[in-house]
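Enquirer: In the working numbering, the protein residues as written are 4 to 979. C-beta atoms are modelled at their ideal positions from N, C-alpha and C, and glycine is treated no differently. Just passing along the structure, written as structure tokens.
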């Protein structure tokens, strides 16, 4: 039932294991194992051909965020099946080719295949998703994974430059596409593509319809390298050749074309859609082919040829949308040639362009260069490669009897048809389409001849090559040979695809032109008589041959064009001046002063909250129903205010720490008065640990000195601090005095025992009702602890000249060596420094030996009793950590290491794993993530006992909090 979902997810899951495979099987090339994934997926998709051919589609949905209308819905029709076959089929050939192209002894092939699997899964997600948000998610995943693939050789400047350029352009296009999806959702109330098609007549006249169309087209044009967003594709050629063969023949660059085809049923009836898509496509075709001729690098030539061919396909999809104007009937069927040609050339391009990229890789691999000025004469030493290059290049040029000739003929025929139409003002402007198609095709012929004859004909120049040229190994030739056979086979037997995949794809792109059970007529043949398209082909071959023979006489015209007017220069200049401007602006307020940053944050908060209260009319000073204030609360409040005010006036850091701790402990007493034992217990332990942490941190800081500041500085501080205090006061009053929604407290009180199996409402909320919040919180804590650990391990020198770090580094103190959970450098440092943190108080040391066990026992009690009484995993973990901290303060941290030889980062990881495993375990019982269950069982000795899965989750919280706290405390305590 979920086979299509599995087809998307399998590459992602397999990617996780790729590094392990590389490490576990070092003698086996990882590519051989990876090859099984695209091969099996290709075989799986092949079995859908009969169903798709019989006009049967398949839709399967898995809820994701149903409240927002976001579901993981997969939809398989002719269009999605065609792309799925290309992604997996070409993917399998690319993986096979890469096995012989990439040397595992020299390349990090585990990274390569990991990125490739992520990319493959993301592409399958794009073409199979019916939900626009899910499609967008996979869309951006392709941008990220392609960035990693292009930057595979990240030590090269050009690789990083090309990867960054491709990601910036395609991601920005993706943002535009997302905005278009949101506009469509605002009009239709759904993110489903097919549900949008169903309500099409209700939204076509709306004001947001045209902006949505333009934004979605921006996403398509940036992804498919259409003019003027084409500039990223040539620089992406810095990627390894297998990446270029995969991304730039059948997958990533075709994603934009897929988007245009998929959304044609929604927008094709619009004249704007026809003009934008067809014009951008035909201009891109001409522009790319003209620039391809000037290239001297094989892959650069292929990159611009890809731009040109993508423009050709894009223009055909735009031209095919004109048929929708006529609606259902025989008249519209006369104008569907363009769509048929687009689909056929889409397939043909994947075959001959994939083969050509592999040929370019072979030439580079066996000669050491891709420079056409250094190549030549390879026909005799590399005959098989020459044959493959000739077959594929001639197909690209549109020369019979190869498949490219057939689709190129259909392209020319479609362009001629446009000039005869009397809609969309084509009777005036339509003649430009066949003219531009002819010009672009002539240059296509020229660069195809350059690719073949400049590389393989002429004299051999061994002194200019990077090695002795020779034919590629058979393994490297298998994939291009298969693609070459497809080029020839589809040329002689094109109708093998007519009703198996081309016609079903046409039904998916133009569903309004055929009724259920009807089919488009698809027949492809070499001879159609003497037609304008045939005469244009003859003219292309004759003129293209002359231009190639006279290339040396006219190619110099390219050097006349100023480089400052190129799109690449515009991109570089925009990036350069953007960086300069942002740096200048940032330097105006990023002064390096934490004080200034806090001022910015607090002022922004004040303005934001005042604006919100003013517009929402949420300010309230109602005190009706409030409990009377007791004398104890007044006394505590006075003590709290006095202690808080005393903190900034403290003359020493130790005094400031004590005052700060006192504020926290007074808040604890408030919780006691308010009968909140859980909060009081947690606050007390957190305050104890925080004070210990402050003491350790301030130990490394210089003595507290009074700063000499200006009067203006003090006034700003007073205004901001008073403003924050007033705002926070009103927030508290508004929160307690008014409520927009009904309170859910009753639900928690009533459901705690019956639904959560516990009488401690606070704990049940933390581990059950709001368990997801708790999971994210402990995840953030774990990340923060690792950040602190890494920051200290970097040993970044501070700028404060009074820091005691220099004093401690000069000490040479020997202590016991404990290697558990510590690197060699850490151990040496600890041996020098740890006695600085050892107490000499005999009474403290003696009493600690007893108190520690009492605290640990109490911590275990809090953990096990927390579901029904005050306590829980969070406070239990903190209590355990406080016992260990006391042990470290009484003796030293090294004593803790000796008694408990544990790496507390591992404890954190185990805790997180248990928490996440508890949540994932719900899936095995067909329950939502983090669903908890409980029951009562008769146990030996214990009798009737409640067992709850929430206890396992609480155990994860306990271990995570313990690991996080001890990682931070010990790391700071052992810091140099």
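Would the stretch 373–380 and the stretch 253–266 be scored as touching if the rule is three or more Cβ pairs under 8 Å?
Expert: Touching, no, given that fewer than three Cβ pairs across the two stretches are closer than 8 Å.
Enquirer: What first and last residue would you give for the alpha helix (DSSP H) that runs through residue 41?
Expert: On the chain shown, position 38 is the one that residue 41 refers to. First-last of the alpha helix (DSSP H) with residue 41: 39–49.
Enquirer: Per DSSP, which one or two residues make a beta bridge with residue 657?
Expert: Position 654 of the chain shown holds residue 657. According to DSSP, which records beta bridges pairwise, residue 657 is partnered with nothing at all.
Enquirer: Among residues of its own chain, excluding the 5 on either side of residue 685, which ones have a beta-carbon nearer than 6 Å to its beta-carbon?
Expert: Numbered from its first residue, the chain shown carries residue 685 at position 682. Result list for residue 685: 878, in chain order.
Enquirer: Identify the continuous beta strand (DSSP E) that holds residue 523 and give its terminal residues.
Expert: Translated into the one-based positions of the chain shown, residue 523 becomes position 520. Element bounds for residue 523: n/a, residue is neither H nor E.
Enquirer: Express the C-alpha separation of residue 894 and residue 591 in angstroms, rounding to a whole number.
Expert: Here the question's residue 591 lines up with position 588 in the chain shown. Here the question's residue 894 lines up with position 891 in the chain shown. Their backbone Cα atoms lie some 49 Å apart in a straight line.
Enquirer: Let me make sure I understand the geometry here. Which of 687, 683, 659, 727 has the alpha-carbon closest to that of residue 706?
Expert: Your numbering for residue 706 matches position 703 in the chain shown. Closest option to residue 706, Cα to Cα, is 659.
Enquirer: Drop a sphere of 10 angstroms on the beta-carbon of residue 783, count the other beta-carbons inside from all chains shown, and report buried for 16 or more, exposed for fewer.
Expert: Residue mapping note: residue 783 aligns to position 780 of the chain shown, counting from 1. It is exposed - the Cβ of residue 783 has fewer than 16 other Cβ atoms within 10 Å.
Enquirer: Under the three-state reduction of DSSP, which class applies to residue 951: helix, strand or coil?
Expert: Locating residue 951 in the chain shown gives position 948, where the first residue counts as 1. Looking at residue 951 - three-state DSSP - the assignment turns out to be strand.
Enquirer: When you compare the stretch 154–171 with the stretch 46–61, are there three or more beta-carbon pairs, one atom per stretch, that lie closer than 8 Å?
Expert: No: the two stretches stay apart, fewer than three of their Cβ pairs being nearer than 8 Å.
Enquirer: Do residue 130 and residue 169 have their beta-carbon atoms positioned less than 9 Å apart in this structure?
Expert: Your numbering for residue 169 matches position 166 in the chain shown. Your numbering for residue 130 matches position 127 in the chain shown. No, these two residues do not count as a Cβ contact at 9 Å.
Enquirer: So, using beta-carbon positions, are residue 884 and residue 964 closer together than 9 Å?
Expert: In the chain shown, the residue the question calls residue 884 occupies position 881. In the chain shown, the residue the question calls residue 964 occupies position 961. Result yes, Cβ atoms of residue 884 and residue 964 sit closer than 9 Å.
Enquirer: With C-beta atoms as the reference, is residue 338 less than 9 Å away from residue 452?
Expert: Reading the chain shown from its first residue, position 335 is the one you call residue 338. Reading the chain shown from its first residue, position 449 is the one you call residue 452. Against a cut-off of 9 Å, the Cβ pair of residue 452 and residue 338 comes out as no contact.
Enquirer: Any idea what DSSP makes of residue 276, helix, strand or coil?
Expert: Here residue 276 is taken as the residue at index 273 of the chain shown, counted from 1. DSSP places residue 276 in helix when its eight states are reduced to three.
Enquirer: In the DSSP assignment, the beta strand (DSSP E) including residue 62 goes from what residue to what residue?
Expert: What you label residue 62 is simply residue 59 of the chain shown in a count that begins at 1. Residues 61–68.
Enquirer: When you compare only the Cα positions, how much space is there between residue 23 and residue 38?
Expert: Residue 23 sits at position 20 when you count from the first residue of the chain shown. Residue 38 sits at position 35 when you count from the first residue of the chain shown. Approximately 16 Å between the Cα atoms of the pair.
Enquirer: Report the three-state DSSP secondary structure of residue 211 (helix, strand or coil).
Expert: Taking the chain shown and counting its residues from 1, the one referred to as residue 211 is at position 208. Reduced to three states, the DSSP call for residue 211 is coil.
Enquirer: Taking only three categories from DSSP, how would you classify residue 569?
Expert: Counting from 1 along the chain shown, the entry for residue 569 is found at position 566. Correct three-state label for residue 569: coil.
Enquirer: Report yes if the C-beta distance between residue 922 and residue 750 is below 9 Å; otherwise report no.
Expert: The sequence position of residue 922 within the chain shown is 919, counting from 1. The sequence position of residue 750 within the chain shown is 747, counting from 1. No; because the gap between Cβ atoms is not below 9 Å, this pair is not in contact.
Enquirer: My assumption, with CB atoms under 8 Å, is that residue 529 sits in contact with residue 409. Please give the rounded CB distance.
Expert: By one-based count along the chain shown, residue 529 stands at place 526. By one-based count along the chain shown, residue 409 stands at place 406. The pair is a contact, with the Cβ atoms about 7 Å apart (cut-off 8 Å).
Enquirer: Which stretch, first to last residue, makes up the beta strand (DSSP E) that contains residue 202?
Expert: Within the chain shown, residue 202 is the residue found at index 199, counting from 1. Counting along the chain, residue 202 falls outside any beta strand (DSSP E), and DSSP gives it neither H nor E.
Enquirer: What three-state label does DSSP hand residue 74 in the structure shown?
Expert: Counted from its first residue, the chain shown places residue 74 at position 71. Residue state, collapsed to three classes: strand.
Enquirer: Determine the burial state of residue 231: buried for a count of at least 16 other Cβ atoms within 10 Å of its Cβ, exposed for fewer.
Expert: Translated into the one-based positions of the chain shown, residue 231 becomes position 228. With fewer than 16 Cβ atoms within 10 Å of its Cβ, residue 231 is classed as exposed.
Enquirer: Taking the beta strand (DSSP E) that residue 152 falls in, what are its first and last residues?
Expert: Counted from its first residue, the chain shown places residue 152 at position 149. Not the beta strand (DSSP E): residue 152 falls in the alpha helix (DSSP H), residues 135–153.
Enquirer: Can you tell me where the beta strand (DSSP E) with residue 158 in it begins and where it stops?
Expert: On the chain shown, residue 158 is found 155 positions in, with the first residue counted as 1. Taken as a continuous stretch (DSSP letters only), residue 158 belongs to no beta strand (DSSP E), as it is neither H nor E.
Enquirer: If you measure between the beta carbons of residue 975 and residue 789, is that distance less than 9 Å?
Expert: Residue mapping note: residue 975 aligns to position 972 of the chain shown, counting from 1. Residue mapping note: residue 789 aligns to position 786 of the chain shown, counting from 1. Cβ atoms of residue 975 and residue 789: not closer than 9 Å.
Enquirer: Could you give the distance in angstroms between the alpha-carbon of residue 643 and the alpha-carbon of residue 910?
Expert: Residue numbering aside, residue 643 sits at position 640 when the chain shown is read from its first letter. Residue numbering aside, residue 910 sits at position 907 when the chain shown is read from its first letter. Computed Cα separation, rounded: 37 Å.
Enquirer: Taking residue 508 as the reference, give the member of 934, 363, 86, 931 with the closest Cα.
Expert: Your numbering for residue 508 matches position 505 in the chain shown. The candidate whose alpha carbon is nearest that of residue 508 is 86.
Enquirer: Measuring alpha carbon to alpha carbon, tell me which residue in 872, 892, 873, 876 is nearest residue 855.
Expert: Walking along the chain shown from the start, residue 855 turns up at place 852. Minimum Cα distance to residue 855 is reached at 892.
Enquirer: Going by alpha carbons, who is nearest to residue 860 out of 870, 849, 874?
Expert: Taking the chain shown and counting its residues from 1, one reaches residue 860 at position 857. Ranking 870, 849, 874 by Cα distance to residue 860 puts 874 first.
Enquirer: Residues in the same chain with beta-carbon distance under 8 Å from residue 8, minus the five sequence neighbours each way, listed in chain order, please.
Expert: The residue labelled residue 8 in the question sits at position 5 within the chain shown. Excluding positions up to five away in sequence, the list reads 63, 65, 75, 77.
Enquirer: Return the chain-ordered list of same chain residues with a C-beta closer than 7 Å to the C-beta of residue 768, the five sequence neighbours on each side being excluded.
Expert: In the chain shown, residue 768 corresponds to position 765, counting from 1. Once the five neighbours on either side are set aside, the close Cβ partners of residue 768 are 751.
Enquirer: May I ask you to report which of helix, strand or coil DSSP gives residue 940?
Expert: In the chain shown, the residue the question calls residue 940 occupies position 937. Strand at residue 940.
Enquirer: Report the option in 207, 688, 214 whose CA atom is closest to the CA atom of residue 179.
Expert: Along the chain shown, read from residue 1 onward, the residue named residue 179 stands at position 176. Closest option to residue 179, Cα to Cα, is 214.
Enquirer: Tell me which residue opens and which closes the alpha helix (DSSP H) that residue 384 is part of.
Expert: For this step, residue 384 is matched to residue 381 along the chain shown. Premise fails: residue 384 is in no alpha helix (DSSP H) and is neither H nor E.
Enquirer: What is the rounded straight-line gap between the Cα of residue 506 and the Cα of residue 81?
Expert: Reading the chain shown from its first residue, position 503 is the one you call residue 506. Reading the chain shown from its first residue, position 78 is the one you call residue 81. If I take the Cα positions, the gap works out to 8 Å.
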